[in-house]
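Numbering (my numbering), first residue to last: 124 to 371. In this text, a Cβ means the ideal position worked out from N, Cα and C, and glycines have one as well. Remember, predicted model here, so these are calculated numbers, not experimental data. Down below is the structure, laid out as structure tokens.
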């Protein structure tokens with residue numbers, strides 16, 4: 124999905140220039156600031172050929188929609204989702220440290236953005252979603268992801284069961300998240316080439332997706348609620364895998 128979004132604040136702007144400089148289209152810098160950080164940023168933007176506009180604080184406040192801009196805003200093109208051929212290429216180089224996240228029909232942009240952010244923090248090498256009945260990269264997803272949409276590859280596939288077969292062929296184990304699973308994630312060995320598979324909000328894993336998984340895991344629930352928000356559950360699963368794999 125094409126589009127643009129604004130990145131606000133010195134740290135976020137600098138991260139955009141480091142990770143996706145080719146996506147930066149326009150910049151606005153505080154005309155009243157002449158400190159070293161702003162001057163360095165201006166030099167880098169001009170080196171990249173980005174149009175830099177001097178702006179007063181009131182204009183920056185409007186452009187940032189009230190967020191803390193620190194005198195720096197850039198507009199960037201949204202990253203594009205990758206296709207099946209790119210996924211196959213990534214799997215060709217998969218090794219014993221392979222780590223993927225699979226989201227089955229996740230439609231809430233806030234959940235996808237939060238999952239991308241957690242995936243980046245956990246060192247996930249790619250997130251796989253279905254092309255239909257799933258949200259792609261939108262301005263909301265990119266904003267919630269806080270830069271992770273630009274750093275974590277998002278692969279769209281037309282047939283998820285087939286794509287899961289490709290993961291298996293690459294030696295990657297599929298751990299499906301299911302509340303009715305017999306074993307807790309904390310009792311399960313995740314110290315292996317791994318893809319964590321999470322189902323849609325309120326629906327869970329579809330039958331074919333579930334049947335494709337090598338094993339199922341659950342997060343133990345000790346209170347009265349029956350389930351967690353999808354992105355919260357995903358973060359817990361990812362970082363339990365990180366904890367186990369860091370001991371290798």
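Non-local C-beta neighbours of residue 210 in its own chain, meaning closer than 6 Å and more than five positions away in sequence, comprise 278, ordered along the chain.
Taking C-beta atoms as the reference points, residue 242 and residue 361 count as a pair closer than 9 Å. Contact between the segment 245-257 and the segment 267-285 is established, with three or more Cβ pairs separated by less than 8 Å. For residue 254, the three-state secondary structure derived from DSSP is coil. Pairing residue 304 with residue 340 gives a Cβ-Cβ distance under 9 Å. A distance below 6 Å between beta-carbons, with the five flanking residues on each side excluded, links residue 226 to the following residues of its chain, in chain order: 252, 321. Counting only residues of its own chain and dropping the five nearest sequence neighbours on each side, residue 191 has a CB closer than 8 Å to the CB of 131, 132. The three-state secondary structure of residue 203, taken from DSSP, is coil.
Counted as a single uninterrupted DSSP element, the alpha helix (DSSP H) harbouring residue 161 occupies residues 159-170. For the 9 Å CB-CB criterion, residue 175 and residue 136 do not form a contact. Taking 8 Å as the upper bound for CB-CB distance, residue 201 and residue 126 are in contact here, some 5 Å apart. Linking residue 148 to residue 171 through their CA atoms gives a straight-line distance of about 10 Å. In the structure shown, the three-state DSSP call for residue 341 is strand. Leaving aside the five residues that flank residue 350 on each side, the residues in its chain whose CB is nearer than 8 Å to its CB run, in chain order, 302, 344, 356. DSSP, reduced to helix, strand and coil, places residue 263 within a helical segment of the structure shown. Apart from sequence neighbours up to five positions away, no residue of its chain approaches residue 159 with a beta-carbon distance below 7 Å. Contact check for residue 139 against residue 161 fails: the beta carbons are separated by 9 Å or more. Taking the C-beta atoms as reference points, residue 335 is found nearer than 9 Å to residue 284. In this structure, residue 363 sits away from residue 231, with a CB-CB distance that is not shorter than 9 Å. For residue 174, the secondary structure class from DSSP, reduced to helix, strand or coil, is strand. For residue 136, the three-state secondary structure derived from DSSP is helix.
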